[in-house]
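Below is one structure, written out as structure tokens; comments come after it.
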DNA sequence: GCGACAG
DNA sequence: ATCTTGTCGC
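Numbering (this note's numbering), first residue to last: 400 to 656.
Structure below.
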């Protein structure tokens with residue numbers, strides 16, 4: 400498995416190499432301008448239209464014995480701020496959770512769900528790391544390379560790497576670089592991603608933890624951070640991922656029949 | 001042996 | 001990931 404991850408990492412592109420225009424997603428003004436255009440100009444073609452951004456998240460189902468035996472992957476596709484499609488898939492679990500090998504546990508369900516998706520993703524956001532991984536092949540990188548689709552890893556906690564500064568009480572919109580340390584299969588100092596503060600309390604006493612954003616495939620670290628900030632809504636997680644998260648728990652309960 | 005560890 | 005009430009603060 401580790402050998403496969405090294406191959407995945409070798410095939411991965413940790414720099415911008417996507418076709419869509421990131422402006423409408425990164426710049427609020429461009430976004431509203433594009434939205435206005437979309438409403439009034441029915442002839443907007445694919446070159447002008449918003450990219451399809453997909454959020455992916457998993458939940459788990461338990462058997463009669465109470466053990467987690469199946470993974471449910473929820474996929475939510477959005478365009479211009481609107482949900483255009485939602486699909487989910489359930490597959491049997493074969494691997495236990497082992498830090499660094501998450502893609503082998505959840506990858507099957509994710510790929511199954513993505514295959515049933517009708518729209519073509521321009522960008523996929525995953526709940527988990529991308530390049531911030533011992534062998535630079537977190538789940539976002541793994542799936543991104545397998546599907547050869549631009550992808551970004553959005554994790555709620557740090558797997559490895561060294562923060563280049565304090566992340567306590569960062570202001571919303573700011574970031575702190577995360578560099579490779581000796582636990583990572585990359586030259587020391589390589590920028591693996593960023594701790595990104597998408598939301599923050601207006602005033603003191605308590606603070607919100609940042610998200611750990613890293614390139615999955617065909618997206619550079621700075622752009623990955625920019626996109627996560629641009630795709631943010633009212634919550635801490637970028638909207639596509641938050642909705643996938645919500646759908647994962649929702650579909651899980653519907654499964655009780 | 002010790003420490004660290006996405007979801 | 002998952003199990004869950006109350007509770008602190010704006």
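Every residue, glycine too, gets a C-beta built ideally from N, C-alpha and C.
By the Cβ-count criterion, residue 654 is exposed, with fewer than 16 other Cβ atoms from all chains shown falling within 10 Å of its own Cβ. In terms of Cβ geometry, residue 528 and residue 558 form a close pair [threshold 8 Å]. For secondary structure counted as the alpha helix (DSSP H) over 4 or more consecutive residues, the stretch 620 to 653 holds these complete runs in sequence order: 620 to 629, 638 to 653. Taking all protein chains in view, the Cβ of residue 644 is crowded by 16 or more other Cβ atoms within 10 Å, so the residue is classified as buried. Two segments are said to touch when three or more pairs of C-beta atoms, one from each, lie closer than 8 Å; by this definition the stretch 573 to 588 does not touch the stretch 492 to 500. Sequence-distant Cβ neighbours of residue 627 in its own chain, meaning closer than 8 Å and more than five residues away, are 524, 551, 553, 595, 597, 610, 612, 637. Nearest Cα to residue 511 within the set 565, 486, 617: 486.
Residue 572 is positioned such that its CB atom lies no closer than 8 Å to that of residue 414. Taking 8 Å as the cut-off, the Cβ atoms of residue 509 and residue 542 count as close.
Counting along the chain, no alpha helix (DSSP H) covers residue 465, and no H or E run does either.
Rounded to the nearest whole angstrom, the C-alpha separation of residue 477 and residue 452 is 5 Å. In the DSSP assignment, the residues bridged to residue 611 are 554, 594. The Cβ neighbour count for residue 497, taken over all protein chains shown within 10 Å, is under 16; the residue is labelled exposed. Per the DSSP secondary-structure output, residue 459 pairs in a beta bridge with 470.
Listed in chain order, the beta strand (DSSP E) runs fully inside the stretch 497 to 574 are 522 to 526, 550 to 554, counting runs of at least 3 residues. An exposed status is given to residue 515, since fewer than 16 other beta-carbon atoms sit within 10 Å of its beta-carbon. In this structure, the beta-carbon distance from residue 548 to residue 407 does not fall below 8 Å.
Judged by DSSP in its simplified three-state form, residue 425 adopts helix. Between residue 503 and residue 583 the beta-carbon gap is near 19 Å, outside 8 Å, which marks them as no contact.
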